[in-house]
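Chemist:
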Amino acid sequence: MEKGTLIEFRLHSDRHLAVAERPEGKKHWIVTDQRGQSHTIHPRQITYEVSGQLYRPADLSKFWQQVQPYLDPAALEVAWELLVEAGEIVTPTSLALLLFSAQDPPLLYAAHVLLADDKLYFKQKGEGYEPRSAVQVAELKHQLEMEQQRQQEWQEFLALIRQQLQRQQGLSAATPLPPSCHQLMALCPTWRSSVLVLSLWSGLLPWEKKRHTAPQL
Numbered sequence: 044m045e046k047g048t049l050i051e052f053r054l055h056s057d058r059h060l061a062v063a064e065r066p067e068g069k070k071h072w073i074v075t076d077q078r079g080q081s082h083t084i085h086p087r088q089i090t091y092e093v094s095g096q097l098y099r100p101a102d103l104s105k106f107w108q109q110v111q112p113y114l115d116p117a118a119l120e121v122a123w124e125l126l127v128e129a130g131e132i133v134t135p136t137s138l139a140l141l142l143f144s145a146q147d148p149p150l151l152y153a154a155h156v157l158l159a160d161d162k163l164y165f166k167q168k169g170e171g172y173e174p175r176s177a178v179q180v181a182e183l184k185h186q187l188e189m190e191q192q193r194q195q196e197w198q199e200f201l202a203l204i205r206q207q208l209q210r211q212q213g214l215s216a217a218t219p220l221p222p223s224c225h226q227l228m229a230l231c232p233t234w235r236s237s238v239l240v241l242s243l244w245s246g247l248l249p250w251e252k253k254r255h256t257a258p259q260l
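The sequence shown begins at 44 in the numbering used here and counts up by one.
(1) At 3 residues or longer, what runs of the beta strand (DSSP E) sit wholly inside the segment 74-143?
(2) Using the Cβ count rule (16 or more neighbours within 10 Å means buried), how would you classify E133?
(3) Quick check on DSSP: helix, strand or coil for D160?
(4) Based on Cα-Cα distance, which residue from V62, P66, P135, I84 lies nearest to P100?
(5) Could you tell me which residues DSSP puts in a beta bridge with L201?
(6) Given a cut-off of 7 Å, decide if L97 and G47 are closer than it, judged by their beta-carbon atoms.
(7) In this structure, how does DSSP classify V238 when only helix, strand and coil are distinguished?
(8) Based on DSSP bridge pairs, tell me the residues matched to H59.
(9) Is V121 buried or exposed, if buried means 16 or more other CB atoms sit within 10 Å of its CB?
(10) For a cutoff of 7 Å on Cβ pairs, would you count K105 as touching chain B?
(11) Looking only at C-alpha atoms, which of I84, S94, H59, G68 sits nearest to R78?
(12) Starting from K168, follow the beta strand (DSSP E) in both directions and report where the run begins and ends.
(13) Within the same chain, show all residues whose beta-carbon is closer than 8 Å to that of A118, passing over the 5 residues directly before and after it, in chain order.
(14) Assign L54 to buried or exposed, taking buried as 16 or more other Cβ atoms, counted over all protein chains shown, within 10 Å of its Cβ.
So, in structure tokens, the structure goes:
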């Protein structure tokens, strides 16, 4: 790696773009992100190096703007359909050529982000990504749909709880749910437990009402 290399690294599991500034000791590098903050990182933290040209920290914002139009997960599904039969390993370089018919640095990085963030169509294998089988993709899609359904049911259940609060305690829609509500809901993972929650909760309502009602003068 040399000064001016644009890299992606992980900090507390979050993705960051930065430009390499100088070596630090035998193994580490000083890098600068787009906010001008310096980080000392180990090569193990680097998840991608953008090849093709050198950059300055001031270039990072423009670079990211060039990347964003290509971050369409639907494009990854098209690539998977083309590659799944042959089971061909794909890399950011080959994916950029397949999807965008070019290998400019922003396109290479966009291909990397698509593959790295994907949990459905490809799985990492060595330095590349292997297309999942049609059966695996169908099962993952089913799991995703079920999770979305559970989330929707959970939101409906929260709305039911809030309506109960509004009727019995006169709380506004913007009032956060009281702590006892969250504690009880943690025991009831779906809306189907709502009857049990509300019946248990009825004994707590007077106490909660004291917490949320203005004192009488």
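No residue lacks a Cβ here, since even glycine has one placed at the ideal position from N, Cα and C. All values derive from a computational prediction rather than experimental measurement.
Modeler: Walking through what the data contain:
(1) 81-84, 89-93
(2) Here the question's residue 133 lines up with position 90 in the sequence shown. Contrary to the premise, residue 133 reads as Val rather than Glu in this sequence. Answer is buried; the Cβ neighbour count reaches 16.
(3) Numbered from its first residue, the sequence shown carries residue 160 at position 117. Reduced to three states, the DSSP call for D160 is helix.
(4) As a position in the sequence shown, residue 100 is number 57, starting the count at 1. It is V62.
(5) For the purposes of this step, residue 201 is taken as the residue at position 158 of the sequence shown. Its beta-bridge partners do not exist; DSSP assigns none.
(6) As a working mapping, residue 47 is identified with position 4 in the sequence shown. As a working mapping, residue 97 is identified with position 54 in the sequence shown. Yes. Within cutoff.
(7) Walking along the sequence shown from the start, residue 238 turns up at place 195. The pLDDT assigned to V238 is 48, lower than 50, so where the model puts this residue is not dependable; a value taken from the coordinates is nonetheless given after this. V238: helix per DSSP, three-state reduction.
(8) Against the sequence shown, residue 59 aligns to sequence position 16. Paired residues: F52.
(9) Translated into positions along the sequence shown, residue 121 becomes position 78. Counting Cβ neighbours within 10 Å, V121 comes out exposed, since fewer than 16 surround it.
(10) Looking at the structure shown, chain B is missing, and only one protein chain is on hand.
(11) Along the sequence shown, read from residue 1 onward, the residue named residue 78 stands at position 35. Of the listed residues, the one whose Cα sits closest to R78 is H59.
(12) Counting from 1 along the sequence shown, the entry for residue 168 is found at position 125. Looking at the DSSP string, the run of the beta strand (DSSP E) that includes K168 is 165-168.
(13) Position 75 of the sequence shown, counting from 1, holds the residue named residue 118. Correct list, in chain order: L142, L157.
(14) Taking the sequence shown and counting its residues from 1, the one referred to as residue 54 is at position 11. When all chains shown are included, L54 counts as exposed.
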